[in-house]
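Peer 1:
Protein chains: 2
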Amino acid sequence: MKGGTCAGFLRERMINNFTWYIPTMVMFGKGLAQKIGDQIASVGAKKIMLIMGGQSAYKSGAYEQVSQSLKKNRIEFIEIVGVKSNPHVELVREAIARLAVTPVDVIVPVGGGSVFDTAKAVAAGAKYNGDIWDLVKGKSPITKTLPVMGVLTASATSSEMNNIAVLTNHKTEEKISFTSPLLYPKLSIIDPELQYTLPERQTVAGGIDIMAHVMERYFEGNEVPELLFEQYEVYLRSMLRCIPELRANPRNYDARAEYAWIATLSHNGSLSYGLKNRGDFSSHKLGHALSLFYDISHGDSISIMMPSWIEYVSKFNPVPLERFTKNIMGLDELRSTFRSWGAPITLREIKVRENDIERIADNVAKLAPMGTIKTLEREDIIEIIKIAW
Amino acid sequence: MKGGTCAGFLRERMINNFTWYIPTMVMFGKGLAQKIGDQIASVGAKKIMLIMGGQSAYKSGAYEQVSQSLKKNRIEFIEIVGVKSNPHVELVREAIARLAVTPVDVIVPVGGGSVFDTAKAVAAGAKYNGDIWDLVKGKSPITKTLPVMGVLTASATSSEMNNIAVLTNHKTEEKISFTSPLLYPKLSIIDPELQYTLPERQTVAGGIDIMAHVMERYFEGNEVPELLFEQYEVYLRSMLRCIPELRANPRNYDARAEYAWIATLSHNGSLSYGLKNRGDFSSHKLGHALSLFYDISHGDSISIMMPSWIEYVSKFNPVPLERFTKNIMGLDELRSTFRSWGAPITLREIKVRENDIERIADNVAKLAPMGTIKTLEREDIIEIIKIAW
């Protein structure tokens with residue numbers, strides 16, 4: 013047998029118990045957005061709320077397909093437009109207030125991860141007698157939601173097949189990820205063709221986010237099972253093929269499809285089964301703080317913070333980086349790959365002011381101690397931010 | 013980047029549309045069989061039918077855990093014992109007749125794939141006003157089923173997380189695989205510790221069946237996406253690690269767990285997404301005919317027929333075997349690996365009579381033309397059986 017023998021440092025495999033339960037139906041492929049109306053009608057819905065971002069729903073052709081399909085099925089719809097990346101709680105509140113006046117049967121996101129996250133929050137908030145931020149903060153449990161049935165137009169977060177939503181509250185300076193088994197969408201339609209018109213930088217930032225979902229698990233520590241390491245390497249190689257292909261030709265269906273499918277699989281929980289801690293996610297926390305203060309995409313925050321985090325923690329535990337270097341690429345090559353795609357890799361590039369370092373560190377440090385490969389306290393966080401500088 | 017560049021012959025990727033919808037909840041890990049009663053009680057069930065094979069439910073400790081958990085939750089149960097490998101329709105009919113007198117709320121398989129397949133058929137037959145074989149043959153559609161909530165004690169077929177059941181009818185000389193979206197179990201508990209007491213030959217035969225589920229897709233033809241090829245290779249390497257580890261120590265939890273989880277993932281549909289034909293499955297059809305006439309396990313039928321099938325079809329299309337040889341092992345090494353595990357690799361070993369060759373070929377030929385890598389007619393089937401001789 014060639015390759016794949018157990019790594020020498022492997023100590024434990026498939027150690028923790030887990031539950032797999034993903035009740036989402038995913039319809040994947042060409043031309044499927046036109047089916048959304050039939051699917052919504054099949055659950056008996058008469059009236060829905062459409063949630064969208066900016067121009068992309070129109071530019072991609074998704075709005076046209078979805079609205080025609082709804083009309084064909086005589087489904088009434090109201091629209092909430094204007095979801096931004098790093099979606100805000102304000103728009104969620106606005107949508108919930110509108111539902112109090114005009115109730116609907118289903119929430120229908122047409123957009124990327126931010127739009128799906130917003131839809132999930134609206135679906136939960138519509139059934140809660142209080143402010144949505146209580147649910148986000150876990151002060152009240154989510155006990156009931158409206159069904160979410162959506163069309164994905166930008167892949168990255170796997171929100172279309174997971175039970176997670178991330179919301180930002182500028183007033184409280186918080187960006188919080190919340191979960192509930194009730195937050196799985198009932199239906200997600202993924203048509204890779206709807207992603208042909210995405211700006212190149214969004215394809216790159218999304219791709220880096222997808223890689224980060226894999227790498228947060230790859231760099232969990234020493235106890236990652238060989239099976240999962242190999243799985244992660246398959247996904248990382250896939251993204252390293254697809255992103256350059258899509259920069260060269262954004263209408264390459266095969267690369268769009270593979271990119272989209274890896275995105276969905278990378279953060280729907282399936283890469284965590286058997287893992288001790290279900291991933292490290294320090295890079296995400298560092299990135300969240302950054303995008304809270306600066307108007308940058310989640311992916312850009314990751315391309316800056318992730319290599320710095322790896323560089324720092326590998327001083328304490330070099331094992332995962334050694335494997336990564338051998339099987340994928342070295343850390344310098346990773347940085348230069350991100351740069352060759354046009355992604356930022358230093359804080360200076362995105363014009364972070366030096367005296368904001370402490371403020372960012374303070375925000376992240378609210379979550380300290382954090383991390384699994386190395387426990388991070390405030391002083392560690394400062395060091396990582398300095399490397400990223 | 014090391015490795016994983018696109019294979020030269022790769023022409024298309026992620027070409028076909030697909031739907032992912034697996035409503036099964038899988039609880040995976042140590043000590044979980046004790047939770048079955050709570051789970052059954054949570055859907056409001058008061059009375060269930062337990063379905064089991066022979067001694068393994070007792071020997072593994074599964075029966076003890078399940079019956080105590082049911083009693084603790086005050087759930088009444090009736091028992092059907094005696095499911096055989098390659099399960100017969102007769103026992104299914106017997107169970108359905110019993111349900112006509114004593115109705116239950118849930119069907120609870122405690123066993124391996126054959127027990128789960130039997131439970132699925134009983135769950136469908138109990139709600140059908142006619143003979144179960146009509147549903148198997150597709151003469152009537154499956155429109156309603158009882159919920160199936162089970163405990164797996166032998167991994168191989170993925171019946172615990174798919175919508176497939178295979179039944180044998182000796183009277184009509186048929187072994188038929190039937191599917192319906194309603195055949196997904198509602199709950200499957202997979203505790204690798206319950207598989208510690210499996211006989212070595214069952215671990216080997218099951219492991220070869222799992223490898224076959226991967227290889228039927230690996231050898232589909234030239235249009236397998238690079239992503240899936242790499243995925244298949246991860247799974248095959250995993251089984252090539254686990255099987256020898258379990259022969260050496262059947263109580264190796266890590267190897268049991270990895271084996272069990274790969275089994276579940278290998279035939280729950282997820283390895284077919286994006287694939288043109290969702291796998292070849294000629295080896296399975298050849299194996300089904302063999303186990304119809306001889307009392308051998310499904311895995312043994314595969315260890316004989318699969319290498320012969322690969323040898324034959326590779327004359328017409330050498331490409332997948334070339335990749336397999338480079339990344340996993342050559343065909344001779346595959347045969348000697350199966351033999352080193354104690355599995356049969358020729359028909360003579362299992363005492364097939366030479367004048368049965370035509371009879372077996374006739375049975376398989378009912379399904380001809382079949383196959384995707386090479387279309388097989390009756391004369392091809394004869395050639396494959398001769399190689400297997």
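Keeping their order, the protein sequence lines are chains H and U.
Our numbering applies: residue 13 is where the first sequence begins, and numbers increase by one.
Our numbering applies: residue 13 is where the second sequence begins, and numbers increase by one.
Backbone N, C-alpha and C fix where the C-beta goes; we use that ideal spot for every residue, glycine too.
Under 8 Å, with one C-beta from each stretch per pair, do the stretch 222-242 of chain H and the stretch 65-72 of chain H reach the 3-pair mark?
Peer 2: no
Peer 1: Could you give the first and the last residue of the continuous alpha helix (DSSP H) run that contains LEU416 of chain U?
Peer 2: Residue 416 of chain U cannot be examined here, being either before or after the span of chain U that is shown, 13 to 401.
Peer 1: Can you name the residues of chain A whose CB is closer than 8 Å to the CB of GLY162 of chain U?
Peer 2: Structure shown: chain A not included; protein chains present are H and U.
Peer 1: Assuming LEU147 of chain H contacts ALA136 of chain H (C-beta within less than 8 Å), just tell me the rounded distance between them.
Peer 2: Right, the Cβ-Cβ distance comes to about 6 Å (below 8 Å), so this counts as a contact.
Peer 1: From ILE369 of chain H to ILE394 of chain H, what does the alpha carbon distance come to, in whole angstroms?
Peer 2: 7 Å
Peer 1: So who's on the other strand from GLY49 of chain U, going by DSSP bridges?
Peer 2: Partner(s): none; GLY49 of chain U has no beta bridge.
Peer 1: Determine whether the beta carbon atoms of LEU343 of chain U and GLU185 of chain U lie at a separation below 8 Å.
Peer 2: no
Peer 1: Which class does VAL78 of chain U belong to by DSSP, given the choice of helix, strand or coil?
Peer 2: helix
Peer 1: By DSSP, does LEU359 of chain U sit in helix, in strand, or in coil?
Peer 2: coil
Peer 1: Provide the residue(s) that pair with VAL134 of chain H in DSSP beta bridges, ordered along the chain.
Peer 2: None; VAL134 of chain H has no bridge partner.
Peer 1: When you compare only the Cα positions, how much space is there between GLY406 of chain H and LEU194 of chain U?
Peer 2: Since the first residue shown for chain H is 13 and the last is 401, residue 406 of chain H is missing from the structure and cannot be characterised.
Peer 1: Alpha carbon to alpha carbon, how far is LYS386 of chain U from GLY219 of chain U?
Peer 2: 26 Å
Peer 1: Would TYR324 of chain H and ILE274 of chain H qualify as a contact pair, given that the criterion is a beta-carbon distance under 8 Å?
Peer 2: no
Peer 1: What's the gap between the Cα of PHE30 of chain U and the Cα of SER250 of chain H?
Peer 2: 20 Å
Peer 1: So, using beta-carbon positions, are ALA355 of chain H and ALA260 of chain H closer together than 8 Å?
Peer 2: no
Peer 1: Do the stretch 107-115 of chain H and the stretch 163-180 of chain H meet, that is, are 3 or more Cβ pairs less than 8 Å apart?
Peer 2: no
Peer 1: Assuming TRP401 of chain H contacts THR358 of chain H under a Cβ cut-off of 8 Å, what Cβ separation, rounded to an integer in Å, is found between them?
Peer 2: 7 Å
Peer 1: Does TRP32 of chain U come out as helix, strand or coil in the three-state DSSP assignment?
Peer 2: strand
Peer 1: Between LEU346 of chain H and the rest of its own chain, which residues show a CB-CB distance below 7 Å, the 5 nearest in sequence each way excluded?
Peer 2: PRO319
Peer 1: Interface residues of chain U around LEU283 of chain H at Cβ under 8 Å?
Peer 2: Those within 8 Å of LEU283 of chain H in chain U number zero; the least Cβ separation is about 12 Å.
Peer 1: Taking the C-alpha atoms as reference points, what is the distance between VAL101 of chain U and ALA168 of chain U?
Peer 2: 20 Å
Peer 1: Give me the chain U residues within the contact set of MET37 of chain H, using Cβ-Cβ distance strictly less than 8 Å, ordered along the chain.
Peer 2: THR31, TRP32, TYR33
Peer 1: Just checking: is the beta-carbon of SER159 of chain H within a distance shorter than 8 Å of some beta-carbon in chain U?
Peer 2: Note that residue 159 of chain H is Pro in the sequence shown here, rather than Ser. No, PRO159 of chain H lies away from the interface with chain U (no Cβ there is under 8 Å from its Cβ).
Peer 1: Below 8 Å on C-beta distance, what does LYS42 of chain H contact in chain U?
Peer 2: Under the 8 Å cutoff, chain U gives ASN29.
Peer 1: Compare the C-beta of GLU24 of chain U against all C-beta atoms of chain H and say whether one is closer than 8 Å.
Peer 2: Summary for GLU24 of chain U: the model assigns pLDDT 46, below 50, so the residue's position carries little reliability; its value from the coordinates is reported in the next sentence. Chain H contact via Cβ: present.
Peer 1: Chain H beta carbons: is any one of them nearer than 8 Å to that of PRO262 of chain U?
Peer 2: no
Peer 1: Just to confirm my understanding: we take ARG263 of chain H, look at its own chain, exclude 5 residues before and 5 after, and list those with CB closer than 7 Å. What are they?
Peer 2: TYR208
Peer 1: How close, in whole Å, do the beta carbons of ASP203 of chain H and ALA45 of chain H come, if the pair is a contact with beta carbons under 8 Å?
Peer 2: 5 Å
Peer 1: Among U:LYS198, U:PRO99, U:GLY43, which one has its Cα closest to the Cα of PRO159 of chain U?
Peer 2: Comparing Cα-Cα distances from PRO159 of chain U to each of U:LYS198, U:PRO99, U:GLY43, the minimum goes to U:LYS198.
Peer 1: Which residues in the same chain have their Cβ closer than 7 Å to the Cβ of THR191 of chain H, if we skip the five residues on either side of it in sequence?
Peer 2: ASN175, ILE176
Peer 1: Taking 6 Å as the limit between beta carbons, can you name the residues of its chain near ASN375 of chain U, skipping five residues before and five after?
Peer 2: Excluding positions up to five away in sequence, the list reads ALA301.
Peer 1: Roughly how many angstroms separate the alpha carbons of VAL118 of chain H and GLN51 of chain H, rounded to a whole number?
Peer 2: 11 Å
Peer 1: Go ahead and pull the three-state DSSP assignment for LYS156 of chain H.
Peer 2: coil
Peer 1: According to DSSP, which residues form a beta bridge with LYS59 of chain U?
Peer 2: U:GLU88
Peer 1: What separation, rounded to the nearest whole angstrom, lies between the Cα atoms of GLY15 of chain H and SER348 of chain U?
Peer 2: Note on GLY15 of chain H: pLDDT 37, under 50, position unreliable in the model; the coordinate value appears next. Rounded to whole angstroms, GLY15 of chain H to SER348 of chain U spans 19 Å at the Cα level.
Peer 1: Name the two residues that bound the continuous beta strand (DSSP E) containing VAL95 of chain H.
Peer 2: Neither: VAL95 of chain H is in no beta strand (DSSP E) and is coded neither H nor E.
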